Amino acid sequence: MKGRLAVSASLTAMAAAVTLAACGGGDGGEGSASKAPAKTSALSDKPMELTFLWFEWPPAAALEELGKEYTKTRPNVTVKVNTVPNPQWHDAIFTQFAARKTNFDLPILDSQNIGEAVDNGSILDLTDFVKENVDTSQYDPYFLAAYGQYPQNTTGVADPDAKTYGLPLLGDTWSMIWRKDLMGDTPPATWEDMIAAAKKCQDENEGMSGLAFHQAGTGDAAAVTYNVMNALYGGELWNQKDKKIEGVINDAAGKKAMDVLVNQMVPLTPKGSSNWFIDEVNAAISQGQVCVGFQWIAAMGGLTDPASSKLGTTKEEILEKLAFAPLPKQVTDKKPLGGMGLHVSKYIPEEKQAEALNFIKWFQTPEAQKKWAQLGGVPARNDVLNSPDFLEATPYNKVFTDSVSQLKDFWNLPEYAKLLNVHSTQVNAAISGTQPPEEALDKLAADEQKILDESGGL
């Protein structure tokens, strides 16, 4: 998933950051980018722990397991993936960046957080390193742009002249999951067909709800849900050229999207689900409570696990009831881009930077990417995405491959976290009924426009 998080750094956290900086943590001034060398430096033969910082979810455990493969090539190096709860992910990284001293070597960032990290000079410029060491022709240009490039003239459009600050770690998008034993094998053709089918399933199966999806006002839960709707109904989040949000996101298409979400979809969800995110949606599907669910592919591993499911005692029995498909189209066929990129902290010793760069180089090889797929990761290389190693690893991996050409991202701006905070809060207000849908959308547009205007010079 795209665990995009709101800024919640408290005065206490920022004071701690300043104290650390004053004590001499790290080097280099704020906003001064450091370039990684094109050729990898000599690697140390001393015992070393290479550390990542991510949030708690299955891919983090899979990455640490993959690290054992790296250790086979570098026996003196162990790989440790440290995790924090999802709502703390952004601040856990950026508070340390503010201190110019990190206890991690490779921060895993959402695509939209790259601008903030580049602006304060906290991650290495990998442009020359990537040109020398990585075959970028094997990647969809959208992935190279979203997970590594900044600034982007157009969000998600790769620019051969843009600087690169990261490479793809995990690709992701939403999958539709439905009860084929109750609704049939054929997925609905359109989004509105899906809503009608979910309602019919709910009406015909007492005790079941029609839909389960992310609604919480924390992280990017409600925000992504609205963005899915906005894109499907032909809307835009902003006019990037004119730096306009107000009047764009809340135009006729945006209002239609919010109306369908609040007045047609929310009534089909279980009572009390307005704070649901990844775990709650998975649980509702696995416990047989809902007809249709929507989930990030990278978070779906448990759905076919009999230990956590009431749908069957074996994986095969579960798959007799569940089916997976890309999101249905409506006005457009756009799908949400999820996933994250790999980056290198500027504030670590040279020998650690060299090892981190060597890991990135290794991780982008077909062999490492195939192993990543086998462990449950979603690779980004075209040759691996279209290989049996990936397509046959799970019954839903093909959903991602089929969705790649239709992916659409958020804004890619240093102000992303502030914008996201407004986005999720206001969408959740509409979902939970604390504000009328149109009023919530208009407030979202006005508050986000103010953030954009106050940032200046974007």
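Under mature numbering (1 follows the signal peptide of the UniProt record, and there is no 0), residues -21 to -1, 1 to 437 are what the sequence shown spells out, in order. For every residue, glycine included, the Cβ atom is placed at its ideal position computed from N, Cα and C. Just so we're clear, the structure is a prediction, and the values are computed from it rather than from any experiment.
Rounded to the nearest whole angstrom, the CA to CA distance from D362 to N391 is 27 Å.
In this structure, the beta-carbon distance from A15 to L105 falls below 8 Å. Annotation for D381: the continuous alpha helix (DSSP H) segment containing it runs N376 to S382. In the assembly as shown, G251 is an exposed residue. Its beta-carbon has fewer than 16 other beta-carbons within 10 Å. The straight-line gap separating the alpha-carbon atoms of L398 and K110 is approximately 33 Å.
Closest by C-alpha distance to A352, out of P367, W341 and I339, is P367. In the three-state scheme derived from DSSP, where H, G and I count as helix and E and B as strand, A21 is classed as coil. Non-local beta-carbon contacts of K159 in its own chain, meaning distances under 6 Å to residues more than five positions away in sequence, involve A302 in chain order.
T311 sits close to L211, with the two beta carbons spaced by under 8 Å.
With fewer than 16 other beta carbons inside 10 angstroms of its own, N55 counts as exposed.
Counting only runs of 3 or more residues that sit fully inside the segment 9 to 77, the beta strand (DSSP E) segments are 27 to 34 and 56 to 63, in chain order. In this structure, N82 sits near Q75, with a CB-CB distance shorter than 8 Å.
Sorting L123, T115, G127 and P120 by C-alpha distance to the C-alpha of L103 places G127 at the top.
Shortest Cα-Cα distance from V406 to any of E394, G280 and D426 involves D426. Every beta strand (DSSP E) stretch that sits fully inside the segment 252 to 336 and reaches 3 residues is listed by chain position as 269 to 275, 301 to 304 and 317 to 321. In the DSSP secondary-structure assignment, Q128 is bridged to T143. DSSP places D138 in the coil class of the three-state scheme, outside both helix and strand. A straight-line Cα-Cα distance of about 43 Å links V97 and Q266. Beta-bridge annotation (DSSP): T169 is paired with K308. For the pair K234 and E417, the CB atoms are nearer than the 8 Å cut-off. Your pair Q219 and T133 checks out as a contact, with CB atoms roughly 6 Å apart and the cut at 8 Å. In the three-state reduction of the DSSP assignment, Y212 falls in the coil class, being assigned neither a helical nor a strand state. Taking all protein chains shown into account, E299 has fewer than 16 neighbouring C-beta atoms within 10 Å of its C-beta and is therefore exposed. Between the alpha carbons of V378 and F273 lies a distance of about 12 Å. Cβ neighbours of T197 within its own chain (closer than 6 Å, five residues either side excluded): P66.
Y129 and W217 have their alpha carbons spaced roughly 18 Å apart.
For E35 and I87, the gap between their C-alpha atoms comes out near 12 Å. If you look at A191, you'll find it in the beta strand (DSSP E) that goes S188 to A191. Look at G94 here: in three-state DSSP terms it is helix.
The Cβ-Cβ distance between V357 and L336 does not fall below 8 Å. Pairwise C-beta distances place the segment 178 to 197 in contact with the segment 254 to 266, as three or more of them are shorter than 8 Å. In the DSSP annotation of this structure, M244 is not part of any beta strand (DSSP E), being labelled neither H nor E. Within a 10 Å sphere around the beta-carbon of S101 sit 16 or more other beta-carbons, which makes this residue buried.
Here Y49 is near F338, since their CB atoms are less than 8 Å apart.
For L22, the closest of K429, E334, S384 and K349 by C-alpha to C-alpha distance is E334.
DSSP, read as helix, strand or coil, puts N407 in helix.
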